[in-house]
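**Q** Going by the working numbering, 143 is the number at position 143 of the sequence shown; the sequence numbering is gapless. Even for Gly, the Cβ is constructed at its ideal location relative to N, Cα and C. Please read these numbers as outputs of a predicted model, since none were measured by experiment.
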Amino acid sequence: MTVIVGLVHNERVHLGGDSAGVAGLRLTVRRDPKIFRNGPYALGFTTSFRMGQLLHHAFKAPTPKGDLDHFMTTVFVDKLRTCLKNGGWSRKDCEQEQGGTFLVGIYGRLFAVYADYQIAEPADGYAAVGCGDEFALGALHATADLDLKPRKRLALALAAAGHHSAGVSGPFRYVTARKFSS
Numbered sequence: 001m002t003v004i005v006g007l008v009h010n011e012r013v014h015l016g017g018d019s020a021g022v023a024g025l026r027l028t029v030r031r032d033p034k035i036f037r038n039g040p041y042a043l044g045f046t047t048s049f050r051m052g053q054l055l056h057h058a059f060k061a062p063t064p065k066g067d068l069d070h071f072m073t074t075v076f077v078d079k080l081r082t083c084l085k086n087g088g089w090s091r092k093d094c095e096q097e098q099g100g101t102f103l104v105g106i107y108g109r110l111f112a113v114y115a116d117y118q119i120a121e122p123a124d125g126y127a128a129v130g131c132g133d134e135f136a137l138g139a140l141h142a143t144a145d146l147d148l149k150p151r152k153r154l155a156l157a158l159a160a161a162g163h164h165s166a167g168v169s170g171p172f173r174y175v176t177a178r179k180f181s182s
């Protein structure tokens, strides 16, 4: 299920997401958003609505300090692991913890968080996760040099994923991370 897309434009991170809840061949259009703000972050999830509810309502998003790469891979991930564990979402397999997949925008930088808690920052300045990610990535790549506004690029990426993936459905939603103020 899902497509979540993100891109960096003028030192801000913009996210877009669909509304599909998918179980087997059943599709439910959900009112609860897959993208939202939590403190200074913009977040967009796939994997599980339970995980997303924890990210949205239970995760006490720590304010970044110091080197952002170091912060994200240590303090952010440690708080995330605790939240998911306390909320009954994290899993353990062969002594390895696993969470879920989502995008994070903070201070003009876009990160993908994967199930093994790795933090990835795309060199292209855009990313997509979920079952429609490849279609969305193609659209983001194709529109990279067209001088379009961020929301238009996100809308085209979401439309491509919605057209080609049975696990993606509108309505589409958008959120922008707050601008960093020093």
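DSSP three-state label for E95, please.
**A** For the purposes of this step, residue 95 is taken as residue 95 along the sequence shown, with counting starting at 1. Three-state DSSP puts E95 in coil, outside helix and strand.
**Q** Can you tell me the Cα-Cα spacing of A61 and A112, whole angstroms?
**A** By 1-based counting over the sequence shown, the position of residue 61 is 61. By 1-based counting over the sequence shown, the position of residue 112 is 112. Roughly 16 Å separates the two Cα atoms.
**Q** What are the start and end residues of each continuous beta strand (DSSP E) run of 3 or more residues lying completely inside the stretch 20-65, in chain order?
**A** With a minimum length of 3 residues, the continuous beta strand (DSSP E) runs that stay inside the stretch 20-65 are 20-23, 26-29, 35-38, 41-45.
**Q** Out of curiosity, what's the CA-to-CA distance linking Y174 and Y126?
**A** As a working mapping, residue 174 is identified with position 174 in the sequence shown. As a working mapping, residue 126 is identified with position 126 in the sequence shown. Y174 and Y126: Cα-Cα distance of roughly 15 Å.
**Q** With R12 as the anchor, note down where its beta strand (DSSP E) starts and where it stops.
**A** Counted from its first residue, the sequence shown places residue 12 at position 12. First-last of the beta strand (DSSP E) with R12: 12-17.
**Q** Would you call T101 buried or exposed, if buried means 16 or more other Cβ atoms sit within 10 Å of its Cβ?
**A** To locate residue 101, count along the sequence shown from 1; it is residue 101. It is buried - the Cβ of T101 has at least 16 other Cβ atoms within 10 Å.
**Q** Could you check which residue in N38, F49, N86, T47 has the C-alpha nearest to that of P64?
**A** Position 64 of the sequence shown, counted from the first residue, corresponds to residue 64. Ranking N38, F49, N86, T47 by Cα distance to P64 puts N38 first.
**Q** Measuring alpha carbon to alpha carbon, tell me which of C83, F180, S90, I4 ends up nearest G108.
**A** As a working mapping, residue 108 is identified with position 108 in the sequence shown. Per the Cα distances, F180.
**Q** Do V168 and V8 have their C-beta atoms within less than 8 Å of each other?
**A** Within the sequence shown, residue 168 is the residue found at index 168, counting from 1. Within the sequence shown, residue 8 is the residue found at index 8, counting from 1. Going by C-beta atoms, V168 is not nearer than 8 Å to V8.
**Q** Residue ranges of each alpha helix (DSSP H) run of no fewer than 4 residues wholly in the stretch 98-168, ordered along the chain?
**A** Entirely contained in the stretch 98-168, the alpha helix (DSSP H) runs reaching 4 residues are, in chain order, 133-142, 150-164.
**Q** If you check the beta carbons only, do I106 and V77 fall under 8 Å apart?
**A** Looking up residue 106 in the sequence shown gives position 106. Looking up residue 77 in the sequence shown gives position 77. No, the pair does not count as a contact, with Cβ atoms beyond the cut-off.
**Q** Using 8 Å as the threshold, is the stretch 39-50 in touch with the stretch 152-167, meaning 3 or more CB pairs across them?
**A** With the cut-off at 8 Å, the stretch 39-50 and the stretch 152-167 do not touch.
**Q** Mapping DSSP to helix, strand and coil, what is V75?
**A** Residue numbering aside, residue 75 sits at position 75 when the sequence shown is read from its first letter. If DSSP states are grouped into helix, strand and coil, V75 belongs with the helices.
**Q** So, helix, strand or coil for T2, using DSSP?
**A** For the purposes of this step, residue 2 is taken as residue 2 along the sequence shown, with counting starting at 1. In the structure shown, T2 sits in coil (DSSP, three-state: anything other than H, G, I, E or B).
**Q** What is the DSSP secondary structure of R178, reduced to helix, strand or coil?
**A** Mapped onto the sequence shown, residue 178 falls at position 178. Three-state DSSP puts R178 in coil, outside helix and strand.
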